[in-house]
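The next block holds one structure in the form of structure tokens; read it before the comments.
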Amino acid sequence: MIKKFLAAGVLPLAFAALAAAQTEGSAPAASPQPTPRLANGKVDFGGKGVWAPIWVLDWADKKYVEHPVDVPFTDLGLKLYKERRANDSKDDPEGYCLPPGVPRYTGTPYPFQFLQMPDRIVILYEGASHMYRQVFMDGRKHTPKDQLNPTWLGESIGSWEGNDTLVVDTIGFNGRTWLDYVGHPASEDLHVVEKFRRPDYQTLEYEATIVDPQMYTKPWTTNFRVKFRPGWDLLEYVCLENNKDLMHLGTKEPK
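For what it's worth, my numbering labels the leading residue of the sequence shown as 545, then goes sequentially.
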């Protein structure tokens, strides 16, 4: 597994993020700066900097998330998960530079930024496919299921719980993503409800509830925290350029 991500250039960034977190942990504690807010009182998730998550390999493992999760697999979900564990995730779509999807994008070891506008929030991702995500805040409802065009990141509709919690409801996935590196599966029936909070300037609290009746017998929820890096900018990242991962997985060298 380490070899796989070292080849793809992911591991150094993950270790750098972890090292930074450890360094901060050894420094004297300082009073956190207050949560920034917009003129309307809502939380401002932006600022001059980026959110830099740790590498969440497994949304159910206490090593990466706040609480361990006993994932309620269906028979099909468990079958796929065991197959992926047995072959060391060799078919992981992210290894082929395909979009990680939701919620996995938030748990990749690459920075992301929020751009907040009156009618939508845009999330810019540095890593993987270097993509963006639109969260519509204009009061619209989800497109009827029979009219949806399934995509990698789905259709995201946002709302607020008070002034502190951004709730993002997403459906319309294409079923081609994995929820994490260890291979928790997803289908076109995936429905993800995310909650974003910023209790202080430095911290993003992220929570995702997974609903997918093909893969899980009931909804399950995971959560972790992301640190803010003031002064950092998103960098250009081209996953397809010099991608060594395909060769490591036993496929032909890309031309």
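Cβ coordinates follow ideal geometry from the N, Cα and C atoms, glycine included. Computed from a predicted structure; not experimentally measured.
Beta strand (DSSP E) runs wholly inside the segment 652-726, at least 3 long, in chain order: The qualifying runs are 656-660, 664-669, 676-680, 699-705 and 709-715.
TODO: Tell me whether HIS728 is buried or exposed, calling it buried when 16 or more other Cβ atoms sit within 10 Å of its Cβ.
DONE: Locating residue 728 in the sequence shown gives position 184, counting from the first residue. It counts as buried.
C-alpha distance - GLU670 paired with PRO653, whole-angstrom precision
Taking the sequence shown and counting its residues from 1, one reaches residue 670 at position 126. Taking the sequence shown and counting its residues from 1, one reaches residue 653 at position 109. Each residue's Cα considered, the two are about 10 Å apart.
- Item | N- and C-terminal bounds of the beta strand (DSSP E) containing GLU751 | Locating residue 751 in the sequence shown gives position 207, counting from the first residue. From DSSP, the beta strand (DSSP E) with GLU751 extends over 747-755.
Is it buried or exposed, ARG677, if we count other Cβ atoms within 10 angstroms and call 16 or more buried? Position 133 of the sequence shown, counting from 1, holds the residue named residue 677. By the 10 Å Cβ count, ARG677 comes out buried.
- Item | Chain-order list of residues whose beta-carbon lies under 7 Å from that of PRO757 (same chain, five-residue window excluded) | As a first step, residue 757 must be located in the sequence shown, where it is residue number 213. For PRO757, same chain residues with a beta-carbon under 7 Å away, outside a window of 5 residues either side, are ASP733 in chain order.
Reduced DSSP secondary structure (H/G/I, E/B, other) of ASP636: Working through the sequence shown from its first residue, we reach residue 636 at position 92. Coil.
State the CB to CB distance for the pair THR753 and VAL609, rounded to an integer number of angstroms; the pair is presumed to be in contact (CB under 8 Å). Start at 1 with the first residue of the sequence shown, and residue 753 comes out as number 209. Start at 1 with the first residue of the sequence shown, and residue 609 comes out as number 65. The beta carbons of THR753 and VAL609 sit about 13 Å from each other, so the pair does not count as a contact at 8 Å.
According to DSSP, simplified to helix, strand and coil, what is GLU738?
Residue mapping note: residue 738 aligns to position 194 of the sequence shown, counting from 1. If DSSP states are grouped into helix, strand and coil, GLU738 belongs with the strands.
LEU748, buried or exposed, once every other Cβ within 10 Å from all chains shown has been counted against 16: For the purposes of this step, residue 748 is identified with residue 204 of the sequence shown, where counting begins at 1. It is buried - the Cβ of LEU748 has at least 16 other Cβ atoms within 10 Å.
Item to check | Range covered by the alpha helix (DSSP H) that runs through GLY621 | outcome: The count along the sequence shown starts at 1 and reaches residue 621 at position 77. Start and end: 619-630.
Discussion item. Let's see if you can read the secondary structure: which residues bound the beta strand (DSSP E) around ARG769?
Written reply: Here the question's residue 769 lines up with position 225 in the sequence shown. Counting along the chain, the beta strand (DSSP E) containing ARG769 begins and ends at 764-774.
How many Å lie between LEU582 and GLU705 at the Cα? Here residue 582 refers to the residue found at position 38 when the sequence shown is read from its first residue. Here residue 705 refers to the residue found at position 161 when the sequence shown is read from its first residue. So the alpha carbons of these two residues sit roughly 15 Å apart.
Straight-line Cα distance separating ILE598 from GLN566 = For the purposes of this step, residue 566 is taken as the residue at position 22 of the sequence shown. For the purposes of this step, residue 598 is taken as the residue at position 54 of the sequence shown. For GLN566, the pLDDT reaches just 38, beneath the cut-off of 50, and the residue's location in the model is therefore unreliable, although a value from the coordinates is still provided. So the two alpha carbons sit approximately 12 Å from each other.
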